[in-house]
Amino acid sequence: MEAKEYIRSARFREEREADWKRLEALVQEAESKGVTGLSFMQARDLAALYRQATTSLAIAREISLDKALLAYLEALTARAYLSVYAPQERLGGVLTKFLTQGAPQAMRRSWAFILLGFLCMGLGALSGYLLFFDDAAWYHVFMPEGLAGGRGPGSTTEFLRGVIYDDDPDARGLGAFATFLFSHNTRIAIFVFGLGVFLCVPAIALIFYNGLMFGAFVALHVDRGLGWDIAGWLSIHGVTELSAICVACGAGLQLGFAVLFPGQRTRARALKEAGRDATKLALVAALMLVAAALLEGFGRQLVQDMNTRLLIGWGVGALWVAWFMLGGRGRS
Amino acid sequence: MKMWRRAPKPDMSRPGELLPPEGVPIHLGIAGVGVRMGAQIVDLLLTLGAAIALLILLGSLDLTTASTWGAIAAMLFFFTRIPYYVLSEILWNGQTLGKRLMKIKVVSNDGASLTIHALVVRNLMKEAEVFLPGTLLLTLSAGDPIYTLIALAWIFGTLLVPLCNKRRRRLGDLIAGTYVIHLPQPVLLADVATYAAPKTGKPEDFTFLSHHLDHYGAFELQTLEDLLRAQKTGLPYETSKTYSDTLAKVVDNIRRRIDYADKVTPDQHVRFLQAFYNAQRAYLEQRQLFGERRSDKHFDAATDASETDSTA
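Protein chains in written order, with numbering that gives the first Met the number 0: chain A, 0 to 331; chain B, 0 to 311.
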């Protein structure tokens with residue numbers, strides 16, 4: 000009819016309407032089947048028609064006052080944009096890439112922060128150890144009552160040995176695994192990571208305090224001549240577990256550092272950039288905690304021999320180190 | 000009427016603007032806190048259901064003792080919900096099942112596609128924001144009022160964050176550089192300009208001259224578009240007397256405003272408005288092509304401050 004003859008925008012619409020409808024159908028198909036489910040021709044058309052629709056939208060905003068048309072093009076372009084720019088990674092690929100490249104590379108990049116975490120905990124442990132030999136009463140200052148499990152300067156050597164070698168049957172298998180995972184040390188790992196953002200200080204204080212407890216606990220057993228036994232008891236899962244806490248602390252410190260010393264960037268930007276590695280470190284720490292929980296839940300009860308315990312614990316530790324040192328090296 | 004229409008703040012009203020790599024900005028509706036909470040509850044129920052199913056399975060296998068049930072339940076819930084959120088958002092391009100149900104979607108701030116990193120970060124932050132203080136709150140006894148208060152303040156604070164920014168981003172969104180939008184639904188309505196005029200014996204031509212068309216802007220034109228569209232879309236009042244009353248009033252107003260001398264009889268109302276719409280749209284679009292955008296009837300108020308809109 001005559002309206003089309005003189006309204007430019009009506010003509011504009013009529014010339015392109017078929018393409019828009021085609022794009023709409025393609026987008027619907029891509030959304031239900033995924034872009035990978037489209038044939039080659041369809042995928043090619045989707046990309047081409049999307050760019051065409053983008054142009055149409057830009058032109059329509061200039062020449063058309065038809066509200067319905069503008070709203071339609073806006074929605075259509077948005078839907079097409081969302082299916083064209085969808086993440087194309089496959090799940091298996093994402094996991095493999097994280098394990099073989101992302102994680103070890105991130106660990107190597109932030110070695111200084113992780114070392115700082117280990118140093119803080121080591122210093123705490125040393126202080127706790129020395130303070131215990133200075134005065135055994137320090138033990139009660141560091142160690143919360145619930146965590147000690149009845150073990151203290153007052154308990155007999157036989158009792159301590161009994162805890163190390165003959166655990167009660169309740170605490171084994173899946174139950175122990177789960178209990179451990181939500182235990183004290185997991186919470187510490189979460190908190191040292193989270194608190195790192197607040198200018199590092201709470202994270203360092205917390206991990207130092209954790210070291211104090213650890214040192215005092217070891218000192219108690221060394222005092223009774225159970226040094227190697229407690230080393231075995233702790234090693235089998237502790238090597239992995241305490242390392243996980245230090246890695247989490249390193250990630251937290253990295254975030255805190257970004258806030259404290261952003262350099263030329265804004266703080267928000269520095270935090271976002273530090274977050275890339277910190278997230279990977281946190282995931283590694285979580286993985287290590289799960290592994291430690293498995294060792295605690297199953298390994299410690301099955302293996303009662305001191306030397307085997309030491310071997311397993313440090314062997315697993317060496318495996319972690321090997322992963323971090325050797326993983327993701329380019330073949331250039 | 001005049002006051003609230005004349006003071007639009009162009010930037011404030013479009014926080015959902017997204018710039019794709021093609022360089023043409025798209026305006027998207029920001030998903031509100033209520034909708035997102037609804038999606039969250041659906042997801043929570045799903046993962047909780049999966050965890051309970053696993054728990055019952057484990058219980059039937061008789062692997063554990065009663066004392067560790069709580070820890071195992073918490074662990075199962077943890078291990079179902081973390082992968083669920085991350086994997087479903089990766090697989091469905093920023094949508095969990097709850098989000099699909101509510102037709103909302105995560106998009107990236109910078110217009111590029113969502114990265115795995117962003118999706119992992121925003122869902123891990125959810126742990127710290129909601130679940131960690133939540134479990135703290137559940138596991139604490141009543142004898143520990145200080146920790147309960149801290150947990151409550153934590154939850155309250157994280158819930159407050161989305162209300163304090165325009166894109167309704169929670170802490171995880173801020174760190175990951177994402178926000179949540181309503182999925183737009185493309186519906187192409189027919190062009191009002193091509194509505195067929197009712198067939199009558201002789202063609203009645205309303206002619207409008209340029210001095211007739213110099214009174215209105217895009218806002219009035221699009222309001223008229225909605226009015227004309229209502230006769231086709233079958234709104235409930237379409238057949239009622241109100242619609243024809245409205246038409247009569249609108250015709251009256253337009254004729255007075257543009258000084259249209261010829262009589263328009265009631266049966267010609269729709270045709271008159273149709274013809275006026277077409278003429279006005281062609282005229283305004285032409286002005287726009289020449290660089291003069293008229294957003295509403297006050298378009299010349301800036302240049303001619305003495306003019307009042309007493310004729311409206």
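Even glycine gets a Cβ: it sits at the ideal position worked out from N, Cα and C.
From a predicted model like this one, the values you see are computed outputs, not experimental measurements.
Original post:
So, is the C-beta of residue 112 (chain B) closer than 7 Å to a C-beta in chain A?
Top reply: As a working mapping, residue 112 (chain B) is identified with position 113 in the second sequence. Yes, residue 112 (chain B) counts as interfacial toward chain A.
Subject >> Residue environment, residue 161 (chain B), which counts as buried when at least 16 other CB atoms sit within 10 Å >> reply: Counting from 1 along the second sequence, the entry for residue 161 (chain B) is found at position 162. Per the 10 Å Cβ criterion, buried.
Subject >> Range of the contiguous alpha helix (DSSP H) that encloses residue 271 (chain A) >> reply: In the first sequence, counting from the first residue as 1, residue 271 (chain A) sits at position 272. Element bounds for residue 271 (chain A): 266-293.
**OP:** Determine the closest residue to residue 123 (chain A) out of A:268, A:184, A:211, A:81, with distance taken between C-alpha atoms.
**Re:** Counting from 1 along the first sequence, the entry for residue 123 (chain A) is found at position 124. Residue 123 (chain A) has its Cα closest to that of A:211, out of A:268, A:184, A:211, A:81.
**OP:** If I'm right that residue 27 (chain B) touches residue 77 (chain A) with Cβ under 8 Å, what's the distance once you round it to whole angstroms?
**Re:** Indexing the second sequence from 1 puts residue 27 (chain B) at position 28. Indexing the first sequence from 1 puts residue 77 (chain A) at position 78. Contact flag correct, Cβ pair sits at about 6 Å.
**OP:** Rounded to whole angstroms, what's the CA-CA distance from residue 226 (chain B) to residue 268 (chain B)? Just pull it up for me.
**Re:** Residue mapping note: residue 226 (chain B) aligns to position 227 of the second sequence, counting from 1. Residue mapping note: residue 268 (chain B) aligns to position 269 of the second sequence, counting from 1. One C-alpha to the other measures close to 12 Å.
Original post:
Considering only the beta carbon of each residue, do residue 288 (chain A) and residue 156 (chain A) sit closer than 7 Å?
Top reply: Walking along the first sequence from the start, residue 288 (chain A) turns up at place 289. Walking along the first sequence from the start, residue 156 (chain A) turns up at place 157. Contact flag unset, no.
Original post:
Listing by chain order, which chain A residues have their CB less than 7 Å from the CB of residue 280 (chain B)?
Top reply: To locate residue 280 (chain B), count along the second sequence from 1; it is residue 281. Within 7 Å Cβ-Cβ: 6, 64.
**OP:** Mind the definition here: the segment 55-67 of chain A touches the segment 241-258 of chain A only if three or more C-beta pairs lie below 8 Å; say whether that holds.
**Re:** no
Original post:
Should the segment 25-37 of chain A be called in touch with the segment 308-322 of chain A, which here means at least 3 C-beta pairs below 8 Å?
Top reply: no
**OP:** Anything in chain B within Cβ reach of residue 278 (chain A), meaning under 8 Å, just list it in chain order.
**Re:** Along the first sequence, read from residue 1 onward, the residue named residue 278 (chain A) stands at position 279. The answer, in chain order, is 116, 119, 120, 123.
Subject >> Integer-rounded CB distance, given that residue 29 (chain A) should sit under 8 Å from residue 45 (chain A) >> reply: The sequence position of residue 45 (chain A) within the first sequence is 46, counting from 1. The sequence position of residue 29 (chain A) within the first sequence is 30, counting from 1. Contact holds; Cβ gap of about 6 Å.
Original post:
Using the rule of at least 16 other Cβ atoms within 10 Å of the residue's Cβ for burial, across every protein chain shown, is residue 151 (chain B) buried or exposed?
Top reply: Position 152 of the second sequence, counting from 1, holds the residue named residue 151 (chain B). Residue 151 (chain B) comes out exposed.
**OP:** Closer than 7 Å by C-beta to residue 293 (chain B): which residues in its own chain qualify, once you throw out the five before and the five after it? Chain order, please.
**Re:** The count along the second sequence starts at 1 and reaches residue 293 (chain B) at position 294. Cβ within range, chain order: 216, 217, 283, 286.
Original post:
Which residues in the same chain have their Cβ closer than 7 Å to the Cβ of residue 168 (chain B), if we skip the five residues on either side of it in sequence?
Top reply: For this step, residue 168 (chain B) is matched to residue 169 along the second sequence. Hits under 7 Å: 161, 178.
Original post:
Tell me which same chain residues have a C-beta within less than 7 Å of the C-beta of residue 367 (chain B), skipping the five on either side of it?
Top reply: Summary: the structure shown does not reach residue 367 (chain B), with chain B confined to residues 0 through 311, and so no result is reported for it.
Subject >> Short CB-CB distance (under 7 Å) between residue 92 (chain B) and chain D >> reply: You won't find chain D in this structure, because its protein chains are A and B.
Original post:
Sorted by chain position, which residues of the same chain lie with C-beta nearer than 8 Å to residue 264 (chain A)'s C-beta, five sequence neighbours on each side aside?
Top reply: As a working mapping, residue 264 (chain A) is identified with position 265 in the first sequence. If we look at residue 264 (chain A) and ignore the five residues flanking it on each side, its Cβ neighbours are 272.
Original post:
Is it a yes or a no for the segment 42-54 of chain B touching the segment 75-83 of chain B, going by three-plus beta-carbon pairs under 8 Å?
Top reply: yes
**OP:** Quick one: which residues of the segment 243-275 of chain A get their C-beta closer than 7 Å to a C-beta of chain B? List them in chain order.
**Re:** 271, 274, 275
Original post:
Do residue 71 (chain A) and residue 344 (chain B) come within 7 Å of each other at the CB atom, strictly closer than that value?
Top reply: Shown here, chain B extends from 0 to 311; a query on residue 344 (chain B) therefore has no answer.
**OP:** Give a yes or no on whether the minimum CB-CB distance between residue 157 (chain A) and chain B is below 7 Å.
**Re:** Residue 157 (chain A) sits at position 158 when you count from the first residue of the first sequence. It does not: the Cβ of residue 157 (chain A) has no partner Cβ on chain B nearer than 7 Å.
**OP:** Identify each residue in the segment 72-90 of chain A for which the Cβ-Cβ distance to at least one residue of chain B is less than 7 Å, and report them in chain order.
**Re:** 73, 74, 75, 76, 77, 78, 80, 81, 84, 85, 86, 88, 90
Subject >> Backbone secondary structure at residue 6 (chain A) - three-state DSSP >> reply: To locate residue 6 (chain A), count along the first sequence from 1; it is residue 7. It is coil, neither helix nor strand.
Original post:
Grouping DSSP H, G and I as helix and E and B as strand, with all else coil, what is residue 177 (chain B)?
Top reply: Position 178 of the second sequence, counting from 1, holds the residue named residue 177 (chain B). Three-state result, residue 177 (chain B): strand.
**OP:** Find the residues of chain A that neighbour residue 315 (chain B), judging by a C-beta separation of less than 8 Å, and give them in chain order.
**Re:** In the structure as shown, chain B starts at 0 and stops at 311, and residue 315 (chain B) therefore has no counterpart that could be examined.
Original post:
What alpha helix (DSSP H) runs, 4 residues minimum, are completely inside the segment 111-153 of chain A?
Top reply: 137-141, 144-147
Original post:
Hey, is residue 53 (chain A)'s beta-carbon within less than 7 Å of any beta-carbon in chain B?
Top reply: The count along the first sequence starts at 1 and reaches residue 53 (chain A) at position 54. So, interface residue.
Original post:
Start and end of the beta strand (DSSP E) containing residue 104 (chain B)?
Top reply: Looking up residue 104 (chain B) in the second sequence gives position 105. Looking at the DSSP string, the run of the beta strand (DSSP E) that includes residue 104 (chain B) is 103-107.
**OP:** Can you tell me which of B:54, B:18, B:59, B:88 puts its alpha carbon nearest to the alpha carbon of residue 73 (chain B)?
**Re:** On the second sequence, position 74 is the one that residue 73 (chain B) refers to. Among B:54, B:18, B:59, B:88, the Cα nearest to that of residue 73 (chain B) is on B:54.
Original post:
When you compare only the Cα positions, how much space is there between residue 81 (chain A) and residue 133 (chain B)?
Top reply: Stepping through the first sequence from its first residue, residue 81 (chain A) is reached at position 82. Stepping through the second sequence from its first residue, residue 133 (chain B) is reached at position 134. One C-alpha to the other measures close to 33 Å.
**OP:** Please state whether DSSP places residue 225 (chain A) in a helix, a strand or coil.
**Re:** Start at 1 with the first residue of the first sequence, and residue 225 (chain A) comes out as number 226. Three-state result, residue 225 (chain A): coil.
Original post:
Would you call residue 366 (chain A) buried or exposed, if buried means 16 or more other Cβ atoms sit within 10 Å of its Cβ?
Top reply: Chain A is shown only over 0 to 331; residue 366 (chain A) falls outside these bounds and no answer can be derived.
**OP:** Could you work out which residues of chain A lie near residue 34 (chain B), taking near to mean beta carbons separated by less than 7 Å?
**Re:** Residue numbering aside, residue 34 (chain B) sits at position 35 when the second sequence is read from its first letter. Ordered by position in chain A, no residue passes the 7 Å Cβ test against residue 34 (chain B), which lies about 17 Å from the chain.
Subject >> Buried versus exposed call for residue 209 (chain A) [16 or more other C-beta atoms within 10 Å across all chains shown] >> reply: The sequence position of residue 209 (chain A) within the first sequence is 210, counting from 1. With 16 or more Cβ atoms within 10 Å of its Cβ, residue 209 (chain A) is classed as buried.
Original post:
From which residue to which residue does the alpha helix (DSSP H) around residue 84 (chain B) run?
Top reply: Numbered from its first residue, the second sequence carries residue 84 (chain B) at position 85. Taken as a continuous stretch (DSSP letters only), the alpha helix (DSSP H) holding residue 84 (chain B) covers 68-90.
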